[in-house]
Amino acid sequence: MSAPTLPRDSRAEFLRAFKRNLTAHGFLIGAVLCFSFFSWYPMVREFLLAFQKTEGGATRWVGWDNFAYVFGDPNVWQAWRNTLLFTGLALALGFVVPFVVSLVLNEFRHAQGYLRLLVYLPVMMPPVASILLFKYFYDPGYGLFNRVLEFLHLPAQDWLQSTDTAMLSVVIASTWMNMGGATLIYLAALQGIPGELYEAAELDGAGLLRKVWHVTIPQTKLILSLMLLMQIIATMQVFVEPFLLTGGAGPEGSTTTVVVLIYQYAFSFNQYGGAAALGLCLLVLLAGFSALYVRLSRDNEN
Amino acid sequence: MAERTLISPAQLGRTRGRILYWTVLVLVVAGFTLVFLGPLYWMVANGLKSTEEFAQVPPTLVPDSLHTANYEAAWKVMDLAKLLFNTLYYAFGALAFQLVLDVGAAYSLSKLRPVLGKAVLGMMLATLMIPATVLVVPQYLTVLDMPIIERNLLNTPWVIWLPSVTNAFNIFLLKRFFDSIPQEILDASAIDGASAVRTLRSIVLPMSRPILGVVSIFAIVGVWKDFLWPMLTLPDPALQTLNVGIYSLATGVPENHLIAALAMASAPTLVIFLIFQRNIMSGLTAGSLKG
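Respectively, the protein sequence lines represent chains A and B.
Going left to right, the first sequence walks through residues 1 to 302 as the UniProt record's numbering numbers them.
Going left to right, the second sequence walks through residues 1 to 291 as the UniProt record's numbering numbers them.
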């Protein structure tokens, strides 16, 4: 007797599930379409472009030719060297400075809110404004920085005009513009360290530096490594700072980074294939760092 | 008792400790003000100087006389009103699209859980692992000739609005917040006969105000700060954003006018920041930290 009702029930259930799914997909569809057009499809296209050549509207499959071309271009090697130099300098400055700053700020019982506000202020400036401002500061003639050096009886520098200092100048500006975010994240992490750990370290006779080394750093290790990875990924992709400060080239191409070169390949020389091949190399290199980042942040969640 | 830090309260309590503390504090406050506020002061002050005073060596700290006319001239010559309006138009349009589509997606993935929802979320999060700069070239080629609809989006606001929706980090933040809303409340509303839209509007959204605020601010600031994408996709000077417009006009105007323009271009986001600093700073650590 109950047999005929069973299919009707499961049908109703199926209909209900179908309707529920329809609503759910209705909510999802807009974002999915945007992702399809502006993220997923371009991702696939990046891979295809790297192995294609476009001439006069016709697309031709050329295998590894684009890669061979790109690796034969001496500018590419210089761009990689410049990018690594930028990343190295940016880590020496942009990774260490915010951590030290957050360590110092965390000790203050006064004015902490004001100081936090100050470090984050440049992050909110339109990058073009900050960069044009720094261009004035770097000017060897009337620039502010050489005035300050003069005041301190130090030799004047050529800043952006010299191959020795151009990249460092870009890094200094970039650090000023971007260090706020990292500083605030470190501060939040420092505030989560239990005070007893410091007390215990003091009982063992640890001085200031030993406390930093044996308590602060181990306690913030996860955040520090996540931020390190994030900064490597971000700095390897630097574009706006060298592009606007030095027109993307600098003296003897000393500030041309990989992404600046990708931009030039694509939009100055119309070589989308070369740009895609170079982009793919960067992607492969950074995928390793990204995977590591995802694994570490999953540990953080658990 | 306040949470203790590196330096012990006993050490700070001693006279020597206290003197050291206040010396370092004063030095740091003075140094930070100089380093982070100094350039902003320099910008506003030099925008007020006359052309002769601007070029003067050594430079003056305080302008001799206030040339507010520089600001007026920069406003007119660079047509900052138009650039400002464009940027606002793109920023708030992007905000509207992100609020509607990203919130919808996060709500669906968190509470309605459609078939393949996990896979879609995974594919969205995967975009975070692709370096953004690598995608600029294929994205540009895509908007030149959109597949299926076969339209060129260059020089239209869609080229800013639609790609801004593909912000996997926003969706992740929103989904995580929605996950923390108890399912029982939603079930109760469903039993009362409320549709999914209604539940979203009258229960989920009012409870999510803090995260919506954070996402909104980041959406607006994101458009405000972007440079490369609007430079590529809005070549028409009449449609450009503040960043791109100032960059392309920078060489054609007197230096003190340019500096005045920079000051005016920086003001809106700095004001937003000063008003919403609490939300911005809490949002900053929301995604990257647990405790």
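From the three backbone atoms N, C-alpha and C, an ideal C-beta is built for every residue, glycine too.
Note to self: Let me check understanding here. Comparing Cα to Cα, which of A:12, A:68, A:290, A:107 lies closest to residue 21 (chain B)?
What the structure shows: Nearest C-alpha to residue 21 (chain B): A:107.
Notebook entry, point to check: Any residues in the segment 172 to 193 of chain A with a beta carbon nearer than 9 angstroms to a beta carbon of chain B? Which ones, in chain order?
Noted result: If you check each beta-carbon in the segment 172 to 193 of chain A against every beta-carbon of chain B, the ones closer than 9 angstroms belong to 176, 180, 181, 184, 185, 187, 188, 189, 190, 191, 192, 193.
Margin query: Taking CB distances under 9 angstroms as the criterion, tell me whether residue 198 (chain A) reaches chain B.
Written below: yes
Next item on the list: Work out the CA separation of residue 12 (chain B) and residue 291 (chain A) for me, nearest whole Å.
Entry: 44 angstroms
Margin query: Which residues of the segment 157 to 169 of chain A have a Cβ closer than 7 angstroms to any Cβ of chain B? Give them in chain order.
Written below: Taking 7 angstroms as the Cβ-Cβ cut-off against chain B, none of the residues of the segment 157 to 169 of chain A qualify.
Check: Ends of the beta strand (DSSP E) at residue 147 (chain A)?
Finding: Element bounds for residue 147 (chain A): not the beta strand (DSSP E) but the alpha helix (DSSP H), 144 to 151.
Next item on the list: Output, in chain order, the set of chain B residues within a Cβ distance shorter than 9 angstroms of residue 23 (chain A).
Entry: Those are 108, 112, 114, 195, 196, 197, listed as they occur along chain B.
Checklist line | Separation of residue 72 (chain A) from residue 47 (chain B), as counted between CA atoms | finding: 48 angstroms
Next item on the list: Would you be able to state if there are at least three C-beta pairs under 8 angstroms between the segment 239 to 253 of chain A and the segment 29 to 49 of chain A?
Entry: no
Item checked: Cutoff 9 angstroms: residue 1 (chain A) Cβ touching any chain B Cβ -> Residue confidence for residue 1 (chain A) is low, a pLDDT of 45 falling below 50, so the modelled location carries little weight; the figure read from the coordinates is stated next. By the rule that beta-carbons nearer than 9 angstroms mark a contact, residue 1 (chain A) does not touch chain B.
Checklist line | Contact list for residue 290 (chain A) against chain B, beta-carbon separation under 9 angstroms | finding: 128, 129, 130, 131
Check: Using the C-alpha atoms, what's the distance from residue 20 (chain A) back to residue 95 (chain A)?
Finding: Distance between the alpha carbons of residue 95 (chain A) and residue 20 (chain A): 48 angstroms.
Check: If you compare alpha carbons, which of A:11, A:55, A:186, A:127 is closest to residue 270 (chain A)?
Finding: A:55
Checklist line | Rounded C-alpha distance that separates residue 137 (chain A) from residue 247 (chain A) | finding: 17 angstroms
Margin query: Run through chain B and tell me which residues come within less than 8 angstroms of residue 211 (chain A), C-beta to C-beta.
Written below: 6
Next item on the list: Establish whether the CB of residue 135 (chain B) and some CB of chain A are separated by less than 9 angstroms.
Entry: yes
Next item on the list: May I ask you to list, following chain order, the residues of the segment 233 to 252 of chain B that have a beta carbon less than 7 angstroms from some beta carbon of chain A?
Entry: 242, 243, 246, 247, 250
Check: Exposed or buried, what is residue 259 (chain A) when buried is set at 16 or more other beta-carbons lying within 10 Å of its beta-carbon?
Finding: buried
Next item on the list: Give a yes or no on contact between the segment 260 to 273 of chain B and the segment 116 to 134 of chain A, applying the rule of three or more CB pairs nearer than 8 angstroms.
Entry: yes
Item checked: Contacting residues, own chain, Cβ-Cβ under 8 angstroms from residue 293 (chain A) (five flanking each side not counted) -> Excluding sequence neighbours, residue 293 (chain A) sits near 226, 229, 230, 233.
Margin query: Starting from residue 229 (chain B), trace the beta strand (DSSP E) in both directions and tell me its first and last residue.
Written below: Careful: residue 229 (chain B) lies outside any beta strand (DSSP E), inside the alpha helix (DSSP H) at 228 to 233.
Notebook entry, point to check: Taking 9 angstroms as the CB-CB limit, is residue 51 (chain B) close to chain A?
Noted result: no
Checklist line | Per-residue contacts from residue 145 (chain B) into chain A (C-beta, under 7 angstroms) | finding: Under the 7 angstroms cutoff, chain A gives no residues; its nearest Cβ is about 11 angstroms from residue 145 (chain B).
Note to self: Tell me the rounded alpha-carbon separation between residue 299 (chain A) and residue 118 (chain B).
What the structure shows: 20 angstroms
Notebook entry, point to check: Can you give, in chain order, each stretch of the alpha helix (DSSP H) that sits fully within the segment 195 to 246 of chain A and has at least 4 residues?
Noted result: 195 to 203, 208 to 211, 221 to 235, 240 to 246
Next item on the list: Report the neighbours of residue 56 (chain A) on chain B: residues whose CB is nearer than 8 angstroms to its CB, in chain order.
Entry: Those do not exist, as residue 56 (chain A) stays about 15 angstroms from chain B at its closest Cβ, beyond 8 angstroms.
Notebook entry, point to check: At a cut of 8 angstroms, does the segment 177 to 186 of chain A reach the segment 206 to 219 of chain A through at least three beta carbon pairs?
Noted result: no
Item checked: Per-residue burial, residue 1 (chain A) [other beta carbons within 10 Å of its own, 16 or more giving buried] -> Because the pLDDT of residue 1 (chain A) is 45, which lies under 50, any placement of that residue in the model is unreliable, and the question is left without a value.
Check: In chain B, which residues lie with their C-beta within 8 angstroms of the C-beta of residue 119 (chain A)?
Finding: 32, 36
Notebook entry, point to check: Does the distance from the C-beta atom of residue 204 (chain B) to that of residue 111 (chain B) stay below 9 angstroms?
Noted result: yes
Next item on the list: Have a look at residue 144 (chain A) and residue 158 (chain A) and give me their C-alpha separation to the nearest angstrom.
Entry: 12 angstroms
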